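A.B. asks: Sequential numbering from 1272 applies to the sequence shown in the working numbering.
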Amino acid sequence: MIGTVRQVLRGLSRRTMVLGGAYVAVGAVHLASRLVDGGAGVAGVSQVLLMPALGAAFVSAIADLGPVRRRTVALVAAGMAASWAGDTIPRFVTGDAGFLGMVGGFLVAQACYLTAFAPYAAKAWRRRPASVLAAGAVFGAGFGALTVWCLPEAGFLGGPVVGYGLLLAAMAAASTTVNRVTAVGGALFFVSDAMIALNTFSLWYSFGAHHLGVMSTYIAAQALLATGVVAVLAADRPDPAPPAQARATNPTADPDVDNAAEPAAVAD
């Protein structure tokens, strides 16, 4: 799959590569500014710009591919938009309300990503259930440990935090069924949010480079999820038939209609 990803990336347009480079640049500026001004100033502005930059690169890459599964693209794009809301709300709302806004935004994002990955998880379950169970066990154990460490101090935020943790663990497990790139992205997303939960609620957690660790894993996670999705959509594209053959096979076919469905034997 890594070779497939490299092949797909080499086939993308210069526009897409420039937009992808812009995301890398915004991420680098953000991480560097974290070392200087913490969460204010340039760090705050650059965090708000992260998802728009990644979203632009993702949409451009999809345009390079041509006809692909619209449902998957829409769900991943919606996940990025919800992630942007989660990044942005705490810039303007403080305290518990700001935290709930952040959790709410990312809860929607995880639901979108999970729904996008669900057809691949269903297909993997039929072919190799042991690997799906193993991924579920790993992230389920991580969720369980976080619950034990964080729930006693969460107070009235306990319900939203547990709900979000369940979705996060499910998304991370489902990401392992798409390809290796999304699997790493899902794992890094889990690590990033686990660090946030521990820093907010755990009494024993202490990490001097906490904010840098959270954002570096988050920036990499989002990029890997998007890259992995582009790669799998490129690999799943049907081989185009020559025009004459296509008309002979289906004389009434409308070339403007996207007939792509979910992975083989998976209902939408």
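Beta carbons are placed, not taken as given, at the ideal position from N, Cα and C, and that holds for glycine. What you are looking at is a predicted structure, and each value in this text was computed from that prediction instead of being measured.
For the putative contact between M1486 and R1305, defined by C-beta atoms under 8 Å, what is the C-beta separation to the nearest angstrom?
C.D. replies: That belief holds up - the Cβ atoms of M1486 and R1305 are roughly 6 Å apart, short of 8 Å.
A.B. asks: Only counting the same chain, and skipping five residues up and downstream in sequence, which positions put a Cβ closer than 6 Å to that of E1424?
C.D. replies: F1472
A.B. asks: At the level of alpha carbons, what is the spacing between A1345 and G1479?
C.D. replies: 38 Å
A.B. asks: Let me confirm a value: L1325 is counted as buried when at least 16 other C-beta atoms fall within 10 Å, else exposed. Which label applies?
C.D. replies: buried
A.B. asks: Let me make sure I understand the geometry here. Which of A1406, Q1381 and V1379 has the alpha-carbon closest to that of A1392?
C.D. replies: A1406
A.B. asks: Since F1478 is in the alpha helix (DSSP H), which residue starts that stretch and which ends it?
C.D. replies: No alpha helix (DSSP H) contains F1478, which DSSP labels as neither H nor E.
A.B. asks: Specify, as a first and last residue, the run of the alpha helix (DSSP H) that S1284 falls within.
C.D. replies: No alpha helix (DSSP H) contains S1284, which DSSP labels as neither H nor E.
A.B. asks: Go ahead and label Q1493 buried or exposed: buried means 16 or more other beta carbons lie within 10 angstroms of its beta carbon, across all protein chains shown.
C.D. replies: buried
A.B. asks: Could you check whether L1428 and V1374 sit closer than 9 Å to each other, using their CB atoms as the reference points?
C.D. replies: yes
A.B. asks: Rounded to the nearest angstrom, what separates G1315 and W1396 at their Cα positions?
C.D. replies: 41 Å
A.B. asks: Please report the Cβ distance between W1495 and L1459, rounded to the nearest whole angstrom; I am assuming they are in contact, meaning their Cβ atoms lie under 8 Å.
C.D. replies: Here the sequence assigns Leu to residue 1495, which means Trp is not the residue at that position. Between L1495 and L1459 a beta carbon distance of about 7 Å is seen, short of the 8 Å cut, so the two are scored as contacting.
A.B. asks: Would you kindly work out how many angstroms separate the C-alpha atoms of V1364 and I1490, rounded to a whole number?
C.D. replies: Answer to the nearest angstrom: the Cα atoms are 22 Å apart.
A.B. asks: Let's test the definition: count the other Cβ atoms within 10 Å of the Cβ of S1215 and tell me whether it reaches 16, buried, or not, exposed.
C.D. replies: The chain is shown from 1272 up to 1539; residue 1215 falls before or after that span and cannot be answered.
A.B. asks: Quick one: give me the first and last residue of the alpha helix (DSSP H) that L1428 is part of.
C.D. replies: No alpha helix (DSSP H) holds L1428; DSSP gives it neither H nor E.
A.B. asks: Residue range of the alpha helix (DSSP H) that V1344 falls in?
C.D. replies: R1341 to F1363
A.B. asks: Nearest-angstrom Cα distance between T1359 and G1372?
C.D. replies: 9 Å
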